[in-house]
Amino acid sequence: MSATATKIVVLDGHTMNPGDLDWAPLEALGELTVHDRTAPAELLERAAGAAALLTNKCVLDRAAIEALPELRYIGVTATGTNVVDLAAAAERGVAVTNVPDYGTESVAQAVFAHILNLANRTAGHAAAVRDGRWTASPDFCFWDGTLVELAGRTLGVVGFGKTGRAVARIAGAFGMEVLAASRRPVEASAGVRPATVDEVFAASDVVSLHCPLTPETAGLVSRERLATMKPTAWLVNTGRGPLVDEAALADTLNAGQLAGAGLDVLSTEPPPADNPLLSAKNCYVTPHIAWATTAARRRLLDCVVGNLAAWQAGVVRNVVG
Numbered sequence: 096m097s098a099t100a101t102k103i104v105v106l107d108g109h110t111m112n113p114g115d116l117d118w119a120p121l122e123a124l125g126e127l128t129v130h131d132r133t134a135p136a137e138l139l140e141r142a143a144g145a146a147a148l149l150t151n152k153c154v155l156d157r158a159a160i161e162a163l164p165e166l167r168y169i170g171v172t173a174t175g176t177n178v179v180d181l182a183a184a185a186e187r188g189v190a191v192t193n194v195p196d197y198g199t200e201s202v203a204q205a206v207f208a209h210i211l212n213l214a215n216r217t218a219g220h221a222a223a224v225r226d227g228r229w230t231a232s233p234d235f236c237f238w239d240g241t242l243v244e245l246a247g248r249t250l251g252v253v254g255f256g257k258t259g260r261a262v263a264r265i266a267g268a269f270g271m272e273v274l275a276a277s278r279r280p281v282e283a284s285a286g287v288r289p290a291t292v293d294e295v296f297a298a299s300d301v302v303s304l305h306c307p308l309t310p311e312t313a314g315l316v317s318r319e320r321l322a323t324m325k326p327t328a329w330l331v332n333t334g335r336g337p338l339v340d341e342a343a344l345a346d347t348l349n350a351g352q353l354a355g356a357g358l359d360v361l362s363t364e365p366p367p368a369d370n371p372l373l374s375a376k377n378c379y380v381t382p383h384i385a386w387a388t389t390a391a392r393r394r395l396l397d398c399v400v401g402n403l404a405a406w407q408a409g410v411v412r413n414v415v416g
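Residues in the sequence shown are numbered consecutively from 96, following this note's numbering.
As structure tokens, this is what we get:
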């Protein structure tokens with residue numbers, strides 16, 4: 096298929112490229128239209144006539160795929176492909192690609208941003224200084240609550256793929272021991288010991304979630320598992336929001352049965368105002384930005400372009416389903 100024959104529509108490009116990256120390599124592959132955001136009611140009109148659709152969070156379900164006769168390619172500008180009905184795409188002969196592994200280092204970095212915030216109470220102390228408490232202090236310093244040294248502590252990693260291993264590598268640099276639980280066998284190595292999920296929750300000072308969201312892992316962090324954690328422990332989730340029973344986590348934090356949580360994902364995004372974690376004690380929520388460094392988004396866009404160019408050339412690359 097020639098590039099000039101390809102009508103390409105980006106349905107929700109703002110998150111991947113809010114204006115600091117260059118669409119030119121994608122423009123070179125065909126007739127390009129970029130929409131920052133697309134509401135469900137706008138989808139069919141905007142996608143009409145497109146051979147290639149690029150989507151991050153816009154849902155392409157069976158009804159949409161069947162209503163777009165010219166559609167031949169769907170590029171998911173993320174790793175997860177739950178926004179696409181893969182069976183319907185396969186029945187229509189529509190290729191679906193994704194972008195694996197582009198954000199590994201950025202997500203691992205964000206995990207430790209949360210861990211270090213919890214260890215040093217960085218956000219709270221910075222706010223206290225801004226409020227004038229250091230200026231009014233009779234001493235040269237002050238601190239609220241216990242400050243924690245990470246060396247010698249245990250980090251539990253649930254899901255030991257590329258991101259989990261990157262987190263473990265950073266943990267080793269801080270002098271932490273690592274317990275790793277995964278669907279695949281984990282080989283013991285310097286500073287890393289295999290463990291079951293239950294062992295990770297019971298024995299760790301920090302638990303970091305890196306497993307995929309599946310029917311088996313939904314609600315993995317249950318009220319029962321939270322009850323097995325040390326009251327001094329922290330939970331970090333940069334994976335998927337539904338891995339956590341949010342009401343149970345909020346209750347556990349508010350009761351002082353868990354020392355803190357750092358979360359970059361929630362079950363509904365953006366969250367409703369009544370999500371209990373938004374006001375839970377010692378709970379720090381960031382707006383799903385672990386993946387969003389400029390470097391990671393540049394890798395993402397480069398791979399999106401490469402996937403589409405490969406498909407145009409008849410080459411299979413990052414095809415799912």
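Glycine included, C-beta positions come from ideal geometry on N, C-alpha and C.
Restricting attention to Leu396, Ala408 and Val410, the CA atom closest to the CA of Thr150 is found in Leu396. Residue pairing of Glu126 in beta bridges, as defined by DSSP: Lys102. Comparing alpha carbon positions, the residue from Asn413, Gln407 and Arg412 closest to Lys102 is Gln407.
The bridge partners DSSP lists for Asn332 are Leu304 and Leu358. Annotation: Ala375 is outside any alpha helix (DSSP H) and is labelled neither H nor E by DSSP. For a cut-off of 8 Å, the C-beta gap from Val104 to Trp118 is around 12 Å, too long to register as a contact. The count of Cβ pairs closer than 8 Å, one atom from the segment 131-139 and one from the segment 166-176, stays below three, leaving the stretches out of contact. Distance between Leu330 and Val224, taken at the CA atoms: about 26 Å. If you draw a straight line from the Cα of Ile265 to the Cα of Val273, it is about 10 Å long. Distance from the Cα of Val154 is smallest, within the candidate group Ala143, Leu166, Ala162 and Asp180, for Asp180. Of the other Cβ atoms in all chains shown, 16 or more fall within 10 Å of the Cβ of Asp107; this residue is therefore buried. In the displayed model, Thr323 falls within a helix according to three-state DSSP.
Note that the C-beta distance between Ser299 and Thr249 is below 8 Å.
The DSSP assignment places 168-171 as complete runs of the beta strand (DSSP E) inside the segment 153-189, in order along the chain (cut-off: 3 residues). In the displayed model, Leu116 falls within coil according to three-state DSSP, outside both helix and strand.
Taking the Cα positions, Arg167 is about 15 Å away from Asn413.
Rounded to the nearest angstrom, the Cβ distance from Ala184 to Gly416 is 6 Å, consistent with a contact under 8 Å. For the 8 Å CB-CB criterion, Thr333 and Val202 form a contact.
Taking every protein chain shown into account, the CB of Asp359 has 16 or more other CB atoms within 10 angstroms, so this residue is buried. Proximity of the segment 189-208 to the segment 225-241 falls short of the contact definition, fewer than three beta-carbon pairs being nearer than 8 Å.
The straight-line gap separating the alpha-carbon atoms of Arg394 and Trp229 is approximately 42 Å.
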